[in-house]
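Line order of the protein sequences matches chains A and B. In terms of our numbering, the first sequence opens at residue 19 and continues consecutively. In terms of our numbering, the second sequence opens at residue 19 and continues consecutively. Since the structure comes first, as C-alpha cells, the remarks are kept for the end.
2 protein chains.
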Amino acid sequence: MPPPPHSHLFRSQTLTPLLRLRPSSNSSPPPLWRPRRHLSACASAARLADPLAAAGSATPQQPVLGVEEAVVGFVTGKRKATEVAHAVWRSVVQKGDTVVDATCGNGNDTLALLKMVADERRQGCVYGMDIQESAIESTSSFLQMAINDGHERELVKLFSICHSRMEEIVPKDSPVRLVAFNLGYLPGGDKTVITVPRTTELALQAASRILSSGGLISVLVYIGHPGGRDELDVVESFASSLPIDTWVSCKLQMVNRPIAPVLILLNKK
Amino acid sequence: MPPPPHSHLFRSQTLTPLLRLRPSSNSSPPPLWRPRRHLSACASAARLADPLAAAGSATPQQPVLGVEEAVVGFVTGKRKATEVAHAVWRSVVQKGDTVVDATCGNGNDTLALLKMVADERRQGCVYGMDIQESAIESTSSFLQMAINDGHERELVKLFSICHSRMEEIVPKDSPVRLVAFNLGYLPGGDKTVITVPRTTELALQAASRILSSGGLISVLVYIGHPGGRDELDVVESFASSLPIDTWVSCKLQMVNRPIAPVLILLNKK
Chain A
19 MPPPPHSHLF
29 RSQTLTPLLR
39 LRPSSNSSPP
49 PLWRPRRHLS
59 ACASAARLAD
69 PLAAAGSATP
79 QQPVLGVEEA
89 VVGFVTGKRK
99 ATEVAHAVWR
109 SVVQKGDTVV
119 DATCGNGNDT
129 LALLKMVADE
139 RRQGCVYGMD
149 IQESAIESTS
159 SFLQMAINDG
169 HERELVKLFS
179 ICHSRMEEIV
189 PKDSPVRLVA
199 FNLGYLPGGD
209 KTVITVPRTT
219 ELALQAASRI
229 LSSGGLISVL
239 VYIGHPGGRD
249 ELDVVESFAS
259 SLPIDTWVSC
269 KLQMVNRPIA
279 PVLILLNKK
Chain B
19 MPPPPHSHLF
29 RSQTLTPLLR
39 LRPSSNSSPP
49 PLWRPRRHLS
59 ACASAARLAD
69 PLAAAGSATP
79 QQPVLGVEEA
89 VVGFVTGKRK
99 ATEVAHAVWR
109 SVVQKGDTVV
119 DATCGNGNDT
129 LALLKMVADE
139 RRQGCVYGMD
149 IQESAIESTS
159 SFLQMAINDG
169 HERELVKLFS
179 ICHSRMEEIV
189 PKDSPVRLVA
199 FNLGYLPGGD
209 KTVITVPRTT
219 ELALQAASRI
229 LSSGGLISVL
239 VYIGHPGGRD
249 ELDVVESFAS
259 SLPIDTWVSC
269 KLQMVNRPIA
279 PVLILLNKK
C-alpha cells in the first residue's frame with residue numbers, strides 16, 4: 019500500500035538510484051555505497067574519532083554493555099534508553115541474522131546492528147532505510163569510515179525509501195529477527211522533516227508482518243519535538259492492539275523527565 | 019503525621035503487640051516471632067514446598083535470576099515484573115544493608131530481601147510492615163518455615179503498622195538502601211482491605227525521606243482491582259514530581275496487558 023501523499027516523509031523521497039526494489043533472496047543487491055563524503059554537521063568530533071563507541075559497539079576502550087549494566091544504569095540515571103535498546107537487541111539478535119534498521123538517521127544503529135549480525139561466513143544482513151537521502155548518505159559515509167572490511171560492509175543494504183515500504187526491499191523468504199525504529203527527526207538535519215504517525219503506523223504494521231517468530235520490534239520514540247507525542251500515541255496504540263497470545267508489548271520510560279525518549283519493545287512469540 | 023482516620027488501611031490496624039515504636043539504633047527490637055501458625059489459603063502447595071523459590075531466592079534447583087535474564091524474560095513474556103524488581107534489587111542491595119518491605123503481604127519479598135542483606139556477621143536488617151495483622155502473621159510463619167537459622171531470622175523486624183508510618187520504626191540513623199512496595203490487596207486475604215492512594219502517597223513521601231543516597235524505592239502497582247488505577251495515578255504523580263537533579267524515576271509496564279502490574283523504580287542520586 020503506498021503511503022499517503024500528504025506525509026512529511028515524502029518531501030524528500032528519492033526512489034532512484036538508492037532504492038532497489040524486491041531483490042531476490044538468492045542474489046542480494048549490492049550495497050549502495052557512494053563515494054565517501056563529508057559527514058553532516060551532526061557528526062561530532064567524538065563520533066568521528068570513535069564511531070564504534072558512538073554506535074554502542076565494542077571498542078578496545080569500551081566493552082559492549084550487557085543488559086544488566088544498561089538497565090541498572092538506566093534506573094540510576096547513568097545510561098540512556100538507546101543503550102538499553104542496544105543491549106536488548108544483542109540478547110535477541112544472533113550472528114547471521116537478517117535485521118532491519120527502519121530509520122537509519124546518521125547510521126549509529128545501522129553500525130551497531132551490523133556488528134551483531136556479521137559472522138565469519140558473512141551471512142548476516144542489515145536492511146537500512148531512511149526517507150531522507152541525506153540520512154542515507156550520512157549512514158553510508160559513517161559505515162565506510164567505521165568498517166574497514168569491505169566484505170562486512172556488503173552485509174548492509176541501504177535504501178532511500180519510507181519505512182512504511184520495508185516489505186518492498188526485504189526478501190519475502192528472509193526471516194527477520196529485529197526491526198529497529200528511532201522515531202523523530204534526523205539529528206543535525208532538517209527538523210521539519212520528521213517521521214509522522216500515519217506512515218509510522220504503516221511501518222509498524224509492515225514490521226509486524228515481516229518479523230519472524232521470536233523476533234523483536236524496537237521503537238525508540240523521541241517526544242521532545244512538535245508532533246512527537248502524537249507519534250508516541252500511535253505507537254502505543256499499535257502496541258496495545260497486538261494480541262496477547264502472539265505478542266508481548268512492553269514500555270520503558272523515564273517518569274520525571276517528560277521529554278525523555280520512550281522505549282517500546284514488541285516481541286513476536 | 020498520623021494517617022487519615024477514614025483510610026481503608028486502618029480497618030484492621032493493630033498497634034500492639036506487634037508494633038514497637040522507634041527502636042534505638044543501638045538496641046534493635048527483637049523480631050516479633052509468634053508461635054508457628056498455619057499459613058493462609060493463599061499459600062499454595064508449591065509455595066510451601068519451595069518457599070525460597072517462591073520468594074525469588076536461590077535454591078539448588080533454581081539459581082537467582084540476573085537482571086539480564088529477568089529483563090529479557092520480561093520482554094519475551096517469560097518473566098514477571100516482580101522478577102525484574104527482585105533482580106534490580108539484587109544489583110542495588112548489598113550484604114549488611116538496611117532495607118524496608120513496606121507491604122509484607124505473605125512474606126515473599128521479605129524473604130527475598132533477607133537473603134540479599136544477611137551477611138556472615140548478621141548485620142543486615144529488614145524492616146517489614148503491613149497494616150493487616152494477618153499478613154504479618156503469614157509473613158512470620160513463612161519466614162519461620164523458610165529460614166532455619168534463628169540468627170538470620172532475627173535480622174527481620176516485623177510490625178503491624180501502616181506503611182505511611184515507616185519513619186516510626188526505622189531508626190533515624192540507619193541508612194536505608196531500599197524501600198519496596200507491593201501495592202494492592204493481600205493475596206488470599208480480604209480483598210476489601212487494600213492499600214489506598216492517600217496513605218500510599220504519605221508512605222512514598224516517608225520512603226523518600228529515609229532513603230539513603232544511591233538507594234531505591236521500588237513500587238509494584240497491581241491495577242486489576244477496583245481502585246488500582248487510582249493508586250497508580252498517585253504513584254506516577256509522585257514519581258513525576260521528584261526533582262531530576264536528585265532523583266531518577268522510571269517505569270516499566272506491559273502495554274498489551276491492561277491489568278498487568280506496573281513497576282516504578284525511584285533512584286535517589
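C-beta: ideal position from N, C-alpha, C; glycine also. Please read these numbers as outputs of a predicted model, since none were measured by experiment.
First and last residue of the alpha helix (DSSP H) that includes ASP127(A)? In the first sequence, counting from the first residue as 1, residue 127(A) sits at position 109. In this chain, the alpha helix (DSSP H) harbouring ASP127(A) covers 126-135.
First and last residue of the alpha helix (DSSP H) that includes GLY91(A)? In the first sequence, counting from the first residue as 1, residue 91(A) sits at position 73. Looking at the DSSP string, the run of the alpha helix (DSSP H) that includes GLY91(A) is 85-93.
N-terminal and C-terminal residue of the beta strand (DSSP E) that ARG195(B) is part of: Along the second sequence, read from residue 1 onward, the residue named residue 195(B) stands at position 177. Start and end: 194-201.
Unbroken stretches of the alpha helix (DSSP H), 4 residues or longer, contained in the region 202-280 of chain A: 215-228, 246-259
Interface flag, ALA257(B) vs chain A, CB-CB below 7 Å: Counting from 1 along the second sequence, the entry for residue 257(B) is found at position 239. Chain A contact via Cβ: present.
So, ILE228(B) versus VAL253(B), is the Cβ gap smaller than 7 Å? Position 210 of the second sequence holds residue 228(B). Position 235 of the second sequence holds residue 253(B). It is not a contact, given that the beta carbons lie outside the stated cut-off.
MET272(B): contacting residues in chain A (beta-carbon distance under 9 Å): As a working mapping, residue 272(B) is identified with position 254 in the second sequence. Simply ILE262, VAL266, SER267, CYS268, LYS269.
Show which residues of chain A have a CB atom less than 7 Å away from the CB atom of THR94(B). Taking the second sequence and counting its residues from 1, one reaches residue 94(B) at position 76. Chain-ordered, the chain A residues with CB closer than 7 Å to the CB of THR94(B) read VAL266, ASN285.
Is there a Cβ from chain B that is less than 7 Å from the Cβ of GLY206(A)? Sequence index remark: in the first sequence, residue 206(A) carries index 188 (1-based). Any Cβ of chain B closer than 7 Å to the Cβ of GLY206(A) would place that residue at the interface, and such an atom is absent.
Classify LEU39(A) as buried or exposed, calling it buried when 16 or more other Cβ atoms lie within 10 Å of its own Cβ. For this step, residue 39(A) is matched to residue 21 along the first sequence. Caution is warranted here: a pLDDT of 34 is assigned to LEU39(A), below 50, making its placement in the model unreliable, and the coordinate value is therefore given only provisionally. With a threshold of 16 other beta carbon atoms within 10 Å, LEU39(A) falls short and is exposed.
Per DSSP, what are the beta-bridge partners of LYS286(A) in this structure? Here residue 286(A) refers to the residue found at position 268 of the first sequence. Note: LYS286(A) sits in a beta bridge opposite TRP265(A).
Any Cβ of chain A within less than 7 Å of the Cβ of SER236(B)? For this step, residue 236(B) is matched to residue 218 along the second sequence. It does not; no Cβ of chain A falls within 7 Å.
Nearest-angstrom Cα distance between VAL135(B) and VAL266(B)? Along the second sequence, read from residue 1 onward, the residue named residue 135(B) stands at position 117. Along the second sequence, read from residue 1 onward, the residue named residue 266(B) stands at position 248. Cα atoms of VAL135(B) and VAL266(B): separation of roughly 23 Å, rounded to the nearest angstrom.
For GLY246(A), would you say it is in contact with chain B, using Cβ-to-Cβ distances shorter than 7 Å as the test? Numbered from 1 along the first sequence, position 228 holds the residue referred to as residue 246(A). Not an interface residue.
Please confirm if the region 86-101 of chain B is in contact with the region 82-100 of chain A, defined as three or more CB-CB distances below 8 Å between the two stretches. Verdict: yes, contact present.
DSSP state of LEU173(B) mapped onto helix, strand, coil: Residue mapping note: residue 173(B) aligns to position 155 of the second sequence, counting from 1. Here LEU173(B) sits in coil by DSSP.
Less than 6 Å between C-beta atoms, sequence neighbours within five positions excluded: which residues of the same chain meet that for GLY232(A)? Taking the first residue of the first sequence as position 1, residue 232(A) is located at position 214. Excluding positions up to five away in sequence, the list is empty.
Return the bridge partner residues of ALA119(B) from the DSSP annotation. Along the second sequence, read from residue 1 onward, the residue named residue 119(B) stands at position 101. Reading the sequence as shown, one finds Asp at residue 119(B) and not Ala. Partner(s): GLY146(B), ALA198(B).
Cβ neighbour criterion (16 or more within 10 Å) applied to THR157(B): As a working note, residue 157(B) is residue 139 in the second sequence. Counting Cβ neighbours within 10 Å, THR157(B) comes out buried, since at least 16 surround it.
Closer than 7 Å to chain B by CB, GLY242(A): To locate residue 242(A), count along the first sequence from 1; it is residue 224. Not closer than 7 Å to any Cβ of chain B, the Cβ of GLY242(A) fails to qualify, so no.
Does the Cβ of LYS133(A) have 16 or more other Cβ atoms within 10 Å, making it buried, or fewer, making it exposed? Working through the first sequence from its first residue, we reach residue 133(A) at position 115. Its Cβ being crowded by 16 or more others within 10 Å, LYS133(A) is buried.
Are the CB atoms of VAL197(B) and GLN150(B) within a distance shorter than 7 Å? Residue 150(B) sits at position 132 when you count from the first residue of the second sequence. Residue 197(B) sits at position 179 when you count from the first residue of the second sequence. Against a cut-off of 7 Å, the Cβ pair of VAL197(B) and GLN150(B) comes out as no contact.
Taking ARG108(B) as part of the alpha helix (DSSP H), name the residues at either end of that continuous run. As a first step, residue 108(B) is located in the second sequence; it is residue number 90 there, counting from the start. Start and end: 99-110.
Can you check which of these residues, SER259(A), ALA224(A), ALA130(A), CYS268(A), is closest to LYS96(B) by C-alpha distance? In the second sequence, counting from the first residue as 1, residue 96(B) sits at position 78. Here the closest residue by C-alpha is CYS268(A).
If you run the structure through DSSP and keep just helix, strand and coil, what is LEU27(B)? Stepping through the second sequence from its first residue, residue 27(B) is reached at position 9. At LEU27(B) the pLDDT is 29, less than 50, meaning the model places this residue with poor confidence; the figure from the coordinates comes in the next sentence. In the structure shown, LEU27(B) falls within a helical segment according to DSSP collapsed to helix, strand and coil.
The region 246-260 of chain A in contact with the region 211-223 of chain A per 3-pair CB rule at 8 Å: yes
Closest to CYS180(A) by C-alpha separation, out of GLU219(A), LEU161(A), ASN166(A), LYS190(A), would be which residue? Within the first sequence, residue 180(A) is the residue found at index 162, counting from 1. Nearest option by C-alpha distance: GLU219(A).
When we look at the beta-carbon of SER236(B) and count the other beta-carbons within 10 Å, is it buried (16 or more) or exposed? On the second sequence, residue 236(B) is found 218 positions in, with the first residue counted as 1. Per the 10 Å Cβ criterion, buried.
For ARG108(A), decide whether its Cβ has a neighbour in chain B, counting only Cβ atoms nearer than 7 Å. Within the first sequence, numbered from 1, the residue matching residue 108(A) stands at position 90. No, its Cβ sits nowhere closer than 7 Å to a Cβ of chain B.
For ILE282(A), which residues in chain B fall below 9 Å Cβ to Cβ? To locate residue 282(A), count along the first sequence from 1; it is residue 264. Here the neighbours are VAL273.
Close beta carbons around ILE277(B), own chain, < 7 Å, minus the five adjacent residues each side: For the purposes of this step, residue 277(B) is taken as the residue at position 259 of the second sequence. Shown here for ILE277(B): same chain residues with a beta carbon closer than 7 Å to its own, the five before and five after excluded, namely ILE241, GLY242 in chain order.
By alpha-carbon positions, which one of LEU201(A), LYS175(A), GLY202(A) ends up nearest to PRO189(A)? Translated into the one-based positions of the first sequence, residue 189(A) becomes position 171. Considering only alpha carbons, the answer is LYS175(A).
Through-space distance from SER159(A) to SER42(A), alpha-carbon basis: Here residue 42(A) refers to the residue found at position 24 of the first sequence. Here residue 159(A) refers to the residue found at position 141 of the first sequence. Low confidence applies here, because SER42(A) scores a pLDDT of 38, under 50, leaving its location unreliable; read the following figure in that light. Their Cα atoms are separated by approximately 26 Å.
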